[in-house]
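Visitor: Residue numbers (our numbering): -8 to 220.
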């Protein structure tokens, strides 16, 4: 394992690793020990009691954070005719069809989110192996295959995030920036926690959320105390 730097070690020393902190306290701690020289993202990580090999436990979806992520995403839309015009008017950064497929085949990836109308999915199949591994392939479960283009573009540029459980039962999501006020980060984090709680599969036995932690981009994780219900 790579040796951690001096600043990371110093930040780690300010955390009680045996303790789970109340959410607002955890956020304040992450903000205070952030040592990055840039406005770091704050990331939320869940360790869940899931078996992603079971279809109903392979959680995936999207939600709009109350206060956004602090980052404006570059949105690409595959659409034609009126829907292409709708995408442009809503502020999409790139709009097209076959022309964009060829551009992506050539190695262009200057975008963060891909949205498509259902009729464009056959066209996107040609670049599925390029978009898929980067998590960019539009999917109905995350609301990125849709006819409601204007709303989806607006949400994606504002504060929409997607989540997906990995093979170990973990979900990670960016919930804002270190520069955000504590209360805004708390509200964003609560929105994600409430969503993950709400979609708990009925087939899960025992403790569902085994561990929840937050951290800045390069900083150590701080365990979050979950509300007893």
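Beta carbons: idealized from backbone N, C-alpha and C, even for Gly.
This structure is a prediction, so every number in the text was calculated from the model and none was measured.
Name the residue from 121, 98 and 92 whose alpha carbon lies nearest to the alpha carbon of residue 111.
Guide: The count along the chain shown starts at 1 and reaches residue 111 at position 120. Residue 92 is the option with its Cα nearest to residue 111.
Visitor: Looking at the structure shown, is residue 32 part of a helix, part of a strand, or coil, going by DSSP?
Guide: As a position in the chain shown, residue 32 is number 41, starting the count at 1. In the structure shown, residue 32 sits in a strand (DSSP, three-state: E or B).
Visitor: With respect to the alpha helix (DSSP H) encompassing residue 92, which residues constitute its N-terminal and C-terminal limits?
Guide: Taking the first residue of the chain shown as position 1, residue 92 is located at position 101. Element bounds for residue 92: 89 to 96.
Visitor: Take every Cβ of the stretch 136 to 152, pair it with every Cβ of the stretch 2 to 21, and state whether three or more of those distances are shorter than 8 Å.
Guide: Judged by Cβ distances under 8 Å, the stretch 136 to 152 makes no contact with the stretch 2 to 21, as fewer than three pairs qualify.
Visitor: Could you tell me which residues DSSP pairs with residue 85 in its beta bridges?
Guide: Locating residue 85 in the chain shown gives position 94, where the first residue counts as 1. Answer is 67, bridged to residue 85.
Visitor: Where do the N-terminal and C-terminal ends of the alpha helix (DSSP H) with residue 204 fall, by residue?
Guide: On the chain shown, residue 204 is found 213 positions in, with the first residue counted as 1. Where residue 204 is concerned, there is no enclosing alpha helix (DSSP H), although the beta strand (DSSP E) it sits in stretches over 200 to 207.
Visitor: If I measure Cβ to Cβ from residue -8 and keep anything under 6 Å in the same chain, skipping five residues before and after, which residues do I get?
Guide: One-based indexing of the chain shown puts residue -8 at position 1. Note that residue -8 has pLDDT 37, beneath the 50 cutoff, so the model's placement of it is unreliable and the number below is only indicative. Around residue -8: no qualifying Cβ.
Visitor: Beta-carbon within less than 7 Å of residue 21's beta-carbon, same chain only, minus the 5 sequence neighbours each way: which residues are those?
Guide: As a working note, residue 21 is residue 30 in the chain shown. Taken in chain order, the residues that qualify are 33, 205, 206, 207, 210 and 213.
Visitor: With 16 other CB atoms within 10 Å as the buried threshold, where does residue 162 fall?
Guide: Within the chain shown, numbered from 1, the residue matching residue 162 stands at position 171. So residue 162 counts as buried.
Visitor: From the DSSP output, which residues share a beta bridge with residue 12?
Guide: Your numbering for residue 12 matches position 21 in the chain shown. Bridge partners of residue 12: 215.
Visitor: Whole-angstrom Cβ separation of residue 215 and residue 12, contact assumed at under 8 Å?
Guide: Numbered from its first residue, the chain shown carries residue 215 at position 224. Numbered from its first residue, the chain shown carries residue 12 at position 21. So it is a contact: roughly 6 Å between Cβ atoms.
Visitor: In its own chain, which residues sit with a C-beta less than 6 Å from the C-beta of residue 51, not counting the 5 before and 5 after it?
Guide: To locate residue 51, count along the chain shown from 1; it is residue 60. Counting only Cβ-Cβ distances below 6 Å, and skipping sequence neighbours, we find 132 and 155.
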